[in-house]
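Quick notes on the structure that follows.
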Amino acid sequence: MDYGVVMFPTEYAIAPDELAGADRILFSEPGTMGWRMLGAADTRRRSLWTTAS
Amino acid sequence: MDYGVVMFPTEYAIAPDELARELEERGFESVWFPEHTHIPASRRSPWPGGGELPRDYWSSYDPFVALMVAAGATRRLKLGTGICLVVERDPITTAKEVATLDRLSGGRVLFGIGGGWNAEEMEDHGTAFKTRWRVLRERVLAMKEIWTKREAEFHGQFVRFDKIWADPKPIQKPHPPIIVGGDGATTFDRVVEFGDGWMPIMRPNRNPVERIPELRERLRKAGRDPKSASVGIFFAPPKREALDTLAAAGVSRAIFGLPSEPREAVLPRLDAYAKVMRS
Chain A
7 MDYGVVMFPT
17 EYAIAPDELA
27 GADRILFSEP
37 GTMGWRMLGA
47 ADTRRRSLWT
57 TAS
Chain B
71 MDYGVVMFPT
81 EYAIAPDELA
91 RELEERGFES
101 VWFPEHTHIP
111 ASRRSPWPGG
121 GELPRDYWSS
131 YDPFVALMVA
141 AGATRRLKLG
151 TGICLVVERD
161 PITTAKEVAT
171 LDRLSGGRVL
181 FGIGGGWNAE
191 EMEDHGTAFK
201 TRWRVLRERV
211 LAMKEIWTKR
221 EAEFHGQFVR
231 FDKIWADPKP
241 IQKPHPPIIV
251 GGDGATTFDR
261 VVEFGDGWMP
271 IMRPNRNPVE
281 RIPELRERLR
291 KAGRDPKSAS
301 VGIFFAPPKR
311 EALDTLAAAG
321 VSRAIFGLPS
331 EPREAVLPRL
341 DAYAKVMRS
């Protein structure tokens with residue numbers, strides 16, 4: 007199975023280049039990461055790393 | 071004087087990100103990528119450069135995508151379209167691309183625009199050659215509305231939309247500099263109405279700097295500061311004496327031409343340009 011995420015890239019979200027570099031996160035929680043990344047769009051970097059840890 | 075280079079970014083040339091890094095390391099101000107979405111195979115419109123049209127014209131990467139790659143590889147280098155063929159583009163989509171690039175690059179966009187010369191190319195995009203300047207004008211004015219208004223609307227002959235929401239807005243305020251290309255009879259109409267700069271091509275038989283006083287006068291008569299439109303020269307001669315002459319005439323940016331070739335051919339040329347730049 008391949009896993010991806012979808013997110014509106016906006017000025018108030020994690021930057022696209024930073025998001026793209028987070029691929030190891032995808033492997034830590036593949037089943038839920040898409041939803042959590044969408045949540046991260048509102049809360050930026052800290053939440054992204056928190057949800058991945 | 072600021073210095074930049076223009077190159078067709080192609081699959082057979084040095085990559086845009088590598089070129090951008092090499093330019094920034096050498097102290098150049100800007101990189102400029104041209105645009106041709108395609109070239110109709112009929113080849114009816116003669117190339118202003120004369121002779122056979124080089125392959126680069128139909129091989130070039132999309133300028134905004136290539137400039138984004140350049141932006142990601144650099145911190146200070148400015149990112150220019152040289153030029154963007156506005157008459158071949160949807161204005162709402164183009165406004166979005168310019169604003170996105172400006173946001174993601176930290177406000178480094180120089181929006182060079184023009185009408186182009188290939189009639190059948192723009193006709194493939196639905197723009198008749200004889201209407202190109204009116205189409206360009208409305209699309210630029212519409213983009214300015216989108217960049218500066220929370221709820222933009224535009225009702226023209228060629229561009230029409232009711233109130234829209236379109237973020238992001240550019241970092242640069244009110245928007246990235248609009249730098250008008252060309253050197254024709256009506257070019258200054260566009261610079262005066264909506265331009266932040268003028269960027270003609272220097273050709274062997276035509277020296278556009280002779281028209282700078284006319285531009286300043288036109289700006290003054292329109293109630294604008296005569297210095298409010300910068301002047302850059304595309305394909306400036308990489309020679310100190312010639313550059314000093316341009317600077318004395320009021321040119322503030324010189325853009326050198328680079329062949330669309332691999333790094334082995336491009337980097338020595340960059341070194342030579344950098345030497346002239348620092349002389």
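Quick note, the sequences are listed as chains A and B, same order.
The opening residue of the first sequence carries number 7 in the working numbering; numbering runs sequentially from there.
The opening residue of the second sequence carries number 71 in the working numbering; numbering runs sequentially from there.
For glycine and all other residues, C-beta sits at the position ideal for the given N, C-alpha and C.
Using a Cβ-Cβ distance under 8 Å, would residue i count as near chain B?
i, result
"A/D23", "yes"
"A/P36", "With a pLDDT of 42 at A/P36, under the threshold of 50, the modelled position of that residue is not reliable, and no figure is offered here."
With a cut-off of 8 Å, does the C-beta of residue i fall near any C-beta of chain A?
i, result
"B/P124", "no"
"B/P238", "yes"
"B/G185", "no"
"B/R173", "yes"
"B/G142", "yes"
In whole angstroms, what separates the C-alpha of residue i from that of residue j?
i, j, result
"B/A136", "B/M77", "11 Å"
"B/M269", "B/P247", "12 Å"
"B/F181", "A/G10", "34 Å"
"B/K239", "B/T163", "13 Å"
"B/H106", "B/R273", "20 Å"
"B/D232", "B/R276", "44 Å"
"B/T218", "B/K243", "8 Å"
"B/D126", "B/L211", "30 Å"
"B/L316", "B/A306", "9 Å"
"B/Q165", "B/R220", "Strictly speaking, residue 165 of chain B in this sequence is Ala, with Gln absent from that position. Each residue's alpha carbon lies about 14 Å from the other."
"B/G185", "B/S129", "19 Å"
"B/V336", "B/D87", "14 Å"
"A/T16", "B/A236", "12 Å"
"B/G121", "B/K345", "32 Å"
"B/P332", "B/A255", "38 Å"
"B/R207", "B/S175", "26 Å"
"B/L340", "B/A312", "18 Å"
"B/A318", "B/P283", "12 Å"
"B/S298", "B/G177", "19 Å"
"B/F199", "B/P308", "34 Å"
"B/I84", "B/S330", "7 Å"
"B/P278", "B/D72", "18 Å"
"A/F14", "A/I20", "10 Å"
"B/F258", "A/D8", "55 Å"
"B/L118", "B/A189", "In the sequence as displayed, the identity of residue 118 of chain B is Pro instead of Leu. Their Cα atoms are separated by approximately 12 Å."
"B/E94", "B/I153", "21 Å"
"B/I183", "B/G142", "23 Å"
"B/G265", "B/M213", "13 Å"
Would DSSP call residue i helix, strand or coil?
i, result
"B/K297", "coil"
"B/V179", "strand"
"B/E88", "helix"
"B/A335", "helix"
"A/Y9", "coil"
"B/L340", "helix"
"B/D172", "helix"
"B/R288", "helix"
"B/I282", "helix"
"B/M269", "strand"
"B/D194", "helix"
"B/K243", "coil"
"B/F264", "helix"
"B/K309", "coil"
"B/F78", "coil"
"B/P253", "Here residue 253 of chain B turns out to be Asp, not Pro, going by the sequence shown. Three-state result, B/D253: coil."
"B/T144", "coil"
"B/D160", "coil"
"B/R276", "strand"
"B/A324", "strand"
"B/F304", "strand"
Heavy atom of the ligand NAD less than 7 Å from the Cβ of residue i, yes or no?
i, result
"A/Y9", "This structure does not include the ligand NAD; it has no bound ligands of any sort."
Touch test, the segment 278-288 of chain B against the segment 19-26 of chain A, Cβ-Cβ under 8 Å, three pairs minimum: no
Touching by the beta-carbon criterion (3+ pairs, under 8 Å), the segment 294-304 of chain B and the segment 316-332 of chain B: yes
Three-pair Cβ contact test at 8 Å for the segment 165-178 of chain B versus the segment 136-154 of chain B: yes
Runs of alpha helix (DSSP H) lying entirely within the segment 203-234 of chain B, each at least 4 residues, in chain order: none
Runs of alpha helix (DSSP H) wholly within the segment 96-140 of chain B (minimum 4 residues, chain order): 126-129
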